[in-house]
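Okay, so here's the structure we're looking at.
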Amino acid sequence: MWFMTVFKEKMIQDMKLRNFSSRTQVCYLRHIEHFENFFDSDADSLNSDHIREFLAHAIDVRNLSTGYVNQAYSALRFFFESTLDQHWDIKYIPKVKKQKKLPVILSKKEIQAIFDRVNNLKHKGY
Numbered sequence: 002m003w004f005m006t007v008f009k010e011k012m013i014q015d016m017k018l019r020n021f022s023s024r025t026q027v028c029y030l031r032h033i034e035h036f037e038n039f040f041d042s043d044a045d046s047l048n049s050d051h052i053r054e055f056l057a058h059a060i061d062v063r064n065l066s067t068g069y070v071n072q073a074y075s076a077l078r079f080f081f082e083s084t085l086d087q088h089w090d091i092k093y094i095p096k097v098k099k100q101k102k103l104p105v106i107l108s109k110k111e112i113q114a115i116f117d118r119v120n121n122l123k124h125k126g127y
């Protein structure tokens with residue numbers, strides 16, 4: 002792909018200038034590769050509509066985690082803003098909101114059952 006020959010070195014240089022960890026660099030490059038392969042096209046020829054489609058596919062079809070999708074978002078944003086020097090419209094391409102999970106709350110009976118199973122008085126706590 003075009004990215005791997007022309008823009009890879011520039012993106013690596015941009016990431017080093019920003020002091021990205023080597024692991025982040027590897028992940029970001031892999032996300033750009035996946036983006037290109039998804040459309041079978043060079044990343045620099047794709048636009049915000051393609052980015053939205055790629056991220057929506059990752060969420061809806063591949064059912065990837067919000068953390069993974071947001072990392073791909075960050076990689077694409079870095080590539081388009083820093084490496085290609087293109088404007089990134091945050092309103093048009095929003096980040097995925099992380100789902101908040103409610104904690105599991107035990108009932109009084111469940112708590113009592115736990116304490117009833119403890120053999121050592123020191124661990125009973127009452």
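With the first letter of the sequence shown counted as 1, position 119 gets the number 120 in the numbering used here; the numbers rise by one all the way through.
The C-beta atom is built at its ideal place from N, Cα and C for all residues, glycine as well.
- Sequence-distant Cβ neighbours of F79 in its own chain, meaning closer than 7 Å and more than five residues away, are Y29.
- Separation of the CB atoms of L77 and D45 is rounded to 12 Å, and the pair is thereby denied contact status at 8 Å.
- Here the region 104-117 makes no contact with the region 55-72; the two share fewer than three CB pairs at distances below 8 Å.
- Note on the region 98-127: whole alpha helix (DSSP H) runs with a minimum of 4 residues are 109-118, 122-125, in chain order.
- The three-state secondary structure of Y93, taken from DSSP, is coil.
- Straight-line spacing of the CA atoms in V62 and F55 works out to 10 Å.
- Within the same chain, Cβ atoms closer than 8 Å to the Cβ of H32 are found at Q72, A73, A76, L77, the five residues on either side in sequence being excluded.
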